Each structure stands twice: as C-alpha cells, then as structure tokens.
Amino acid sequence: MTLGELGRSDDWRDRADAGHSLAGFAEMPEAVEPLLGLVLDPGDTFVTRRTAEGLLRRKDRAGLTIVASALAIANDNHADYIHTAIFDVFSIFSDDLDEALRLCDEMSGDTDERVARGARRLHESLAEIDPVLRPA
382 MTLGELGRSD
392 DWRDRADAGH
402 SLAGFAEMPE
412 AVEPLLGLVL
422 DPGDTFVTRR
432 TAEGLLRRKD
442 RAGLTIVASA
452 LAIANDNHAD
462 YIHTAIFDVF
472 SIFSDDLDEA
482 LRLCDEMSGD
492 TDERVARGAR
502 RLHESLAEID
512 PVLRPA
C-alpha cells in the first residue's frame with residue numbers, strides 16, 4: 382500500500398500515519414495536494430494535527446508552505462489543531478522559532494495569495510510563542 386492509498390483510508394489512524402510520513406516528501410509537487418487534504422482532513426482532527434506536526438517538524442519552506450496554505454482556508458476547528466501543532470513544534474528552541482518567523486515573512490509576499498494569506502496567519506500564531514530555550 383502506498384502512502385497516497387493510506388491517506389485515503391477509511392481508518393483515521395492510517396490517514397494520520399500517512400500524513401506524518403508523507404510530510405517527509407513535502408518538497409515533491411505530487412505530495413502537496415494529498416498533504417493539504419490530510420491537514421484539512423474532514424473525518425478526524427487528529428489527522429490534521431499529526432500531518433501539520435510532521436510538516437512543521439521539517440522546519441523548512443516546503444513544510445511551512447503547505448501548513449500556511451491549509452491555514453488560509455481552514456475552518457476554526459482545523460485551525461485550532463494546526464495552532465496546537467505549531468505550538469508543540471516551535472515552543473522549545475528560539476532559533477527554530479526565529480527561522481520559521483523569517484520564512485513566514487518571505488512567504489507573506491508570495492504570488493500565490495492563499496500562501497501569502499496563510500503565511501501571515503502562521504506568522505501571527507508563531508509570534509505568540511515564547512520559547513523555552515534561548516541561546517546563551
């Protein structure tokens with residue numbers, strides 16, 4: 382079974398596993414739409430959180446772009462779970478948070494309005510975090 386097939390499973394656990402695993406391929410164009418679908422999973426918000434967390438743990442533009450795109454169109458319920466994933470990933474190290482904020486600043490000028498709007502929303506969420514560890 383491929384990750385794409387797993388991501389379309391009726392079982393929320395399979396979809397969550399697929400989203401988390403597929404996040405490792407976020408830079409591949411063919412992974413973007415399935416990942417967006419899993420971040421905005423209509424059947425279970427655990428799938429949303431697990432996929433968003435996998436994408437955010439990449440700590441790169443590819444992962445942040447997909448999360449931003451999802452945030453731009455997410456309903457309040459999905460947005461809450463995405464924000465929880467954002468906090469879980471970026472509340473520890475200030476260096477990781479600073480880099481994510483920098484990338485969001487860049488992405489807020491993206492030519493794709495959905496990415497730009499979502500990047501601004503993601504930046505707002507990140508800006509509320511006070512990380513635990515800062516450089517000495």
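All you need for the numbering used here is the position in the sequence shown, starting with 1, plus 381. All C-beta atoms in this analysis are idealised placements derived from N, C-alpha and C, irrespective of residue type, glycine included. Nothing here was measured: the structure is a model prediction, and the numbers come from that model.
Straight across, the Cα-Cα distance linking G385 with D477 is about 29 Å.
A direct Cα-to-Cα measurement between A449 and D395 gives close to 24 Å.
With a beta-carbon spacing of about 15 Å, A407 and I463 fall beyond the 8 Å limit used to define contacts.
Annotated three-state conformation of L445 is helix, per DSSP.
Taken through DSSP and simplified to helix, strand or coil, L436 comes out as helix. With fewer than 16 other Cβ atoms from the protein chains shown falling within 10 Å of its own Cβ, V513 counts as exposed. F474 is bridged by DSSP to L514.
Counting along the chain, R501 sits inside the alpha helix (DSSP H) bounded by residues 494-508.
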